[in-house]
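Protein chains in written order, with this note's numbering: chain A, 11 to 282; chain B, 2 to 296.
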Amino acid sequence: MKRFRAVSIGLHLFVSVWALFVLAPVLWMVMAGFRNRLELFKDPLGLPTGLNFDAFVRAWNTGIANFILNSVFVTVISVILIVVTSGIAAYVLARSESKALKLIYVLIVASFAVPSQSVLVPLYQIISGAGLLNSLFAIVLPYAAYGIPFTTVLFYAFFLEFPRELEEAARLDGCSRLQVITRIVLPLSGSAIASAAIFQAVFIWNEFLLALLLLTDTSIKTLPLGMLNLRGQFSSDWPAIMAGVTIVTAPMLILFILAQRYFVRSLAGLGK
Amino acid sequence: MSLKTSRNLRNAGLNGALLAPALTLVLVFVLLPAAITFVGSFFSFGITSSAWTWAGMGNYTRAFADPIFWVALKNNLIIIFGSILSQVGLGAIIAAILDRGIKRGTTAYRTIIFMPVVISSVAVSLIWMLIYDPNVGSLNALVKAIGLTPPKLGWLGDPSISIWMVLVTAAWANVGFQMVLILAGLQAIPRELYEAAALDGAKGLKAFWHITLPGIRNILIVGVLITTIGGLKVFDLIFVMTGGGPANATQVMGTYIYLQAFNLGNMGYANALSIILLLIALLMGVAQLKLSRRG
């Protein structure tokens with residue numbers, strides 16, 4: 011039993027070291043926000059001496075509230091658009107035997123392989139040509155387009171496994187096609203929808219490249235751009251930068267800790 | 002027209018209408034731009050000029066003669082293979098330990114290690130820029146505290162190590178994702194298999210080799226695929242932390258395409274680089290799909 015104990019301690023140690031390595035930068039971020047530039051310069055490893063909120067005020071005044079609103083708007087609209095359009099498409103595709111529709115499915119899967127980096131030039135030209143640069147509505151469309159292939163594949167697999175006998179029984183009981191969907195399929199798809207929505211929400215909330223390309227006006231920038239703004243505005247005023255990053259990151263971390271079961275399940279489902 | 006064919010036609014129309022929103026978005030914002038990128042890669046044109054001049058294969062031959070293109074490609078490969086080793090490797094080890102190695106504290110460990118996954122990559126970059134900072138960074142202070150000398154040019158300023166420092170940051174951010182993915186696979190392995198193997202005398206590493214690894218083979222391939230695609234598409238960390246510098250030492254395909262297109266105005270050249278990236282992504286995707294089907 012002694013050997014077993016030593017192994018167990020060793021394993022704990024291994025995981026603890028990585029957990030500490032993960033935790034340290036996060037603590038670092040929060041602590042730097044409470045210190046001032048001189049303290050940080052004199053002793054980079056020191057602890058904050060008190061709860062000094064100056065840096066948080068400076069960071070907040072760069073318009074973080076506005077960036078948050080923009081991000082919430084873009085994320086909510088995009089996720090709804092993705093889940094609704096992909097859900098409908100996947101259901102139709104999964105319930106059809108038609109060859110033409112199978113071809114459409116292949117087309118959607120293939121577009122999953124196109125990295126957004128390889129369409130930057132035409133995407134910029136299409137959006138700017140349509141006069142939609144710097145519009146929050148405009149960025150929702152490419153976000154949706156890049157979320158749809160993956161979500162459709164996910165829902166397609168889900169609907170293929172969905173017990174069709176339930177749907178057929180409901181049809182025999184006199185339900186219309188629409189009623190089958192609203193009364194049978196939707197209520198039983200909650201977990202699949204939540205998984206897809208969480209995954210896309212995390213992705214869009216943090217999306218940087220397309221936002222950088224299509225949103226140049228400060229008033230409509232989303233959070234990732236807003237954080238980059240901090241760096242531009244404060245250059246080496248690290249307490250202010252870290253205070254801003256903390257303001258943005260802390261709510262996400264708290265949300266994650268409260269709802270981590272759903273986050274984890276959402277991402278773990280990808281392996282299937 | 003018989004009743005049945007008219008119903009089929011009506012159904013086809015309905016199906017078309019239901020598919021239209023998803024299909025239109027994908028066509029207009031993914032597939033059409035990909036086609037335009039391909040066509041545009043045979044022309045040269047600037048960001049504002051509407052005049053396209055035929056360049057033939059010029060943009061492609063230019064890429065193969067461009068040393069920075071090769072640096073960028075090499076860096077993508079470093080990130081891909083480095084991330085597979087560090088992220089999938091560590092993720093698998095930690096997942097295996099949490100699954101069967103230890104009993105107490107697994108939820109706490111999982112929560113902490115997964116945490117960076119929900120942090121925006123720009124935030125991750127900024128946090129690590131502070132850690133690597135030559136004046137106020139904690140890494141310099143730590144290295145000095147144990148009696149070593151930090152690199153003169155700074156962790157991100159020294160071209161011989163900067164890409165590796167980005168790799169460390171990427172591992173910090175993504176090991177948790179791989180851990181959760183693999184952990185889900187591990188937990189799907191029936192416990193009875195281990196019990197039966199234990200009766201036959203297979204325990205510890207032997208059981209790991211004969212039961213655990215085959216059980217998560219497909220999940221590992223998915224993890225490697227996600228890491229490979231992520232490594233090809235890497236942009237945010239590099240753009241924010243180093244901007245591709247110093248002296249292009251950390252340039253990757255994503256940042257180099259962006260630089261050529263939107264800073265230097267070489268849209269045609271950027272298109273050719275984009276198509277090369279797209280082809281590599283397709284090749285790697287197909288190769289790994291084939292690999293996972295064989296199992």
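Built from N, CA and C at the ideal position, the CB exists for glycine as well.
Extent of the continuous alpha helix (DSSP H) run through residue i
| i | result |
| --- | --- |
| A/E3 | Within the shown structure, residues of chain A are numbered from 11 to 282, placing residue 3 of chain A beyond reach of any answer. |
| A/G254 | 248 to 268 |
| B/K153 | Here B/K153 belongs to no alpha helix (DSSP H), and DSSP marks it neither H nor E. |
| A/D64 | 64 to 70 |
| B/V169 | 163 to 188 |
| A/S81 | 74 to 104 |
| B/V125 | 122 to 133 |
| B/T62 | 59 to 65 |
| B/I217 | That residue, B/I217, is in no alpha helix (DSSP H); it is neither H nor E in DSSP. |
| B/K207 | 205 to 208 |
| A/S199 | First-last for A/S199: undefined, no H or E at that position. |
| B/G138 | Note, B/G138: premise wrong, no alpha helix (DSSP H); not H, not E. |
| B/N77 | 68 to 84 |
| A/G139 | 130 to 139 |
| A/E217 | Premise fails: A/E217 is in no alpha helix (DSSP H) and is neither H nor E. |
| B/F30 | No alpha helix (DSSP H) holds B/F30; DSSP gives it neither H nor E. |
| B/L194 | 192 to 200 |
Residues bridged to residue i (per DSSP)
| i | result |
| --- | --- |
| B/T54 | B/S45 |
Three-way DSSP call (helix, strand, coil) for residue i in this model
| i | result |
| --- | --- |
| B/G296 | Annotation note: pLDDT 48 at B/G296 (below 50); position unreliable, coordinate value reported separately. B/G296 falls in the coil class under three-state DSSP. |
| A/L240 | helix |
| B/V241 | helix |
| B/K234 | helix |
| A/G56 | coil |
| A/L30 | helix |
| A/A186 | Position check: residue 186 of chain A holds Ser in this sequence, whereas Ala was assumed. Coil, per DSSP. |
| A/D227 | coil |
| B/D100 | helix |
| A/F122 | coil |
| B/P247 | coil |
| A/G43 | helix |
| B/R11 | helix |
| B/G255 | helix |
| B/P22 | helix |
| B/T228 | helix |
| B/T108 | helix |
| B/N16 | helix |
| A/L142 | coil |
| A/E175 | helix |
| B/N264 | helix |
| A/E49 | helix |
| A/L61 | coil |
| A/S108 | coil |
Nearest candidate by alpha-carbon position, reference residue i, set the options
| i | options | result |
| --- | --- | --- |
| A/R181 | A/F172, A/F169, A/I194, A/L170 | A/I194 |
| B/F1 | B/G177, B/G155, B/G102 | Nothing about residue 1 of chain B can be read from this structure; chain B reaches only from 2 to 296. |
| B/G83 | B/L233, B/G244, B/L278, B/I281 | B/L233 |
| A/S6 | B/L260, B/A262, B/G205, B/A21 | Here chain A covers residues 11 to 282 and nothing more, so residue 6 of chain A does not appear. |
| B/Y61 | B/F39, B/N12, B/L265, B/F236 | B/F39 |
| A/T256 | A/A269, A/A29, A/L240 | A/L240 |
| A/A120 | A/L143, A/A155, A/I92 | A/A155 |
| A/F218 | B/L140, B/T108, B/V235 | B/V235 |
| B/F70 | B/M268, B/M254, B/G269 | B/M254 |
| B/L184 | A/A123, A/A260, A/V274, A/I137 | A/V274 |
| A/V163 | A/T85, A/Q189, A/A104, A/S88 | A/A104 |
| B/I239 | B/L33, B/L265, B/V167 | B/V167 |
| B/T256 | B/N77, B/L32, B/A288 | B/N77 |
| A/G139 | B/N272, B/I48, B/A23, B/V223 | B/I48 |
| B/A35 | A/F169, A/P234, A/P125 | A/P125 |
| B/V287 | B/L274, B/Y259, B/T229 | B/T229 |
| B/V176 | B/A52, B/G244, B/L149, B/M116 | B/M116 |
| A/P173 | A/L23, A/S81, A/A75, A/V190 | A/V190 |
| B/L127 | A/A65, A/P35, A/E178 | A/P35 |
| A/L130 | B/K291, B/V31, B/A248, B/V223 | B/V31 |
| A/T59 | A/A69, A/I92, A/M39, A/N46 | A/N46 |
| A/Y272 | A/A207, A/K109, A/T228 | A/A207 |
Presumed contact (8 Å Cβ cut-off) between residue i and residue j, rounded CB distance
| i | j | result |
| --- | --- | --- |
| B/I114 | B/I95 | 6 Å |
| A/L146 | A/I230 | 6 Å |
| B/I190 | B/I164 | B/I190 to B/I164, Cβ: 37 Å. No contact. |
| A/L225 | B/V123 | With 8 Å as the limit, A/L225 and B/V123 do not qualify as a contact, their Cβ atoms being about 14 Å apart. |
| A/P234 | B/S87 | So it is not a contact: roughly 24 Å between Cβ atoms. |
| B/N136 | A/F51 | 6 Å |
| A/G254 | A/A75 | Not a contact, Cβ separation roughly 12 Å. |
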